[in-house]
Amino acid sequence: MNSSVHIYIATHKDFTAKLADIYSPLLVGSNINSSAQEILRDNSGDQIADRNPSFCELTALYWIWKNNTATITGLVHYRRFFSGLSTGRGGQTPNLLSEKEILKFLNHYDIIIATPSVHDDKTVYEQYRDAHHIQDLDKCRDIIARQSPDYLSDFDAVMTSYSFSGFNMFVTKKSLVDSYCSWLFPILFELEERCDISSYDSYQSRVYGFIAERLFNVWLQKNQLRCLASRVHRIDKKRSPTSITRRLELWRRYFSP
């Protein structure tokens, strides 16, 4: 690929949708998942593919960090993509974020993220407590206090807020990916050593992916990045015309530029 923009699609199975050249499927958990297609795999190069059951799409993120050479890069999912501003055939289906739009938006913003989910009645901490094993998040705070004490106040601020950008999805400059991953993965690797997830079911075992969704927001806040929030388009769901109209009104600031 000659483009300076390369967006990776984390997938655990064959991906047959025809997309723009800037999008490439990346098979995650390649040591246990398989694909008949000739696509990129997260068990090549410098990689942590064997951690996929508990790290989820973070094995793709790690692979991007260590192996990608594009100057602008990003991570989406096989079912979830950032919506573009234009409509598809017939004016009803949102197109996916295009290279032209990415270059335009990153002239004014540092990063494109998923529109934050709002939980009016629960803080981020309370939402995690009710959905997962809260002791893991508490251990994560202890690690941050020691590894990155300058991030601790931002961690606490995010945990007491009522919204966060999820899915571990983004588009940004590779230099920012390097900065984020250099901070994130040492925290997660130590957390992995301190957590016993042997009794967790397959869903709760995805603990490090869940925690990374929250830590992504901590990193955004600490570094005061200019964030452009995009609605996430599910390509496996049909939208009503009303929903589509709302989806096309998709861009808003997450932080002030």
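Sequential numbering of the sequence shown, starting at 0, is according to numbering that gives the first Met the number 0. All C-beta atoms, glycine included, are put in the ideal place defined by N, C-alpha and C.
Where does D135 land, buried or exposed, given buried means 16+ other C-beta within 10 angstroms? For the purposes of this step, residue 135 is taken as residue 136 along the sequence shown, with counting starting at 1. With 16 or more other Cβ atoms within 10 Å, it is buried.
Mind checking whether the beta-carbon of K138 lies closer than 7 angstroms to any heavy atom of the ligand FMN? Ligands displayed in this structure: none; no statement on the ligand FMN is therefore possible.
Status (buried if at least 16 other CB within 10 Å, exposed otherwise) for L187: Along the sequence shown, one-based indexing puts residue 187 at 188. Its Cβ being crowded by 16 or more others within 10 Å, L187 is buried.
Which ranges would you report for the alpha helix (DSSP H) in the region 115-187 if only whole runs of at least 4 residues count? 123-130, 133-146 and 151-158
Proximal residues to Y150 (C-beta, below 7 angstroms), its chain only, five neighbours per side dropped: Here residue 150 corresponds to residue number 151 of the sequence shown, with the count starting at 1. If we look at Y150 and ignore the five residues flanking it on each side, its Cβ neighbours are I143, V217 and K221.
What does DSSP give as the partner residue(s) for I112 in the beta ladder? Sequence index remark: in the sequence shown, residue 112 carries index 113 (1-based). Paired residue(s): F169 and A228.
Identify every residue that forms a DSSP beta bridge with I6. As a working note, residue 6 is residue 7 in the sequence shown. Its beta-bridge partners are Y22 and G73.
Beta-bridge partners of R205, as assigned by DSSP: For this step, residue 205 is matched to residue 206 along the sequence shown. None, per the DSSP bridge assignment.
Helix, strand or coil, according to DSSP, for L219 in the structure here? For the purposes of this step, residue 219 is identified with residue 220 of the sequence shown, where counting begins at 1. Of the three classes helix, strand and coil, the one that applies to L219 here is helix, per DSSP.
Give a yes or no on whether the C-beta atoms belonging to V4 and F81 are separated by under 8 angstroms. Mapped onto the sequence shown, residue 4 falls at position 5. Mapped onto the sequence shown, residue 81 falls at position 82. Not in contact: V4 and F81 (Cβ atoms no closer than 8 angstroms).
Cut-off 7 angstroms between Cβ atoms - residues of its own chain near D119, not counting five sequence neighbours on either side: Position 120 of the sequence shown holds residue 119. Excluding residues within five positions, the ones whose Cβ falls inside 7 angstroms are Y161.
Which of helix, strand or coil DSSP assigns to G90: In the sequence shown, residue 90 corresponds to position 91, counting from 1. The pLDDT assigned to G90 is 47, lower than 50, so where the model puts this residue is not dependable, and the model offers no usable value.
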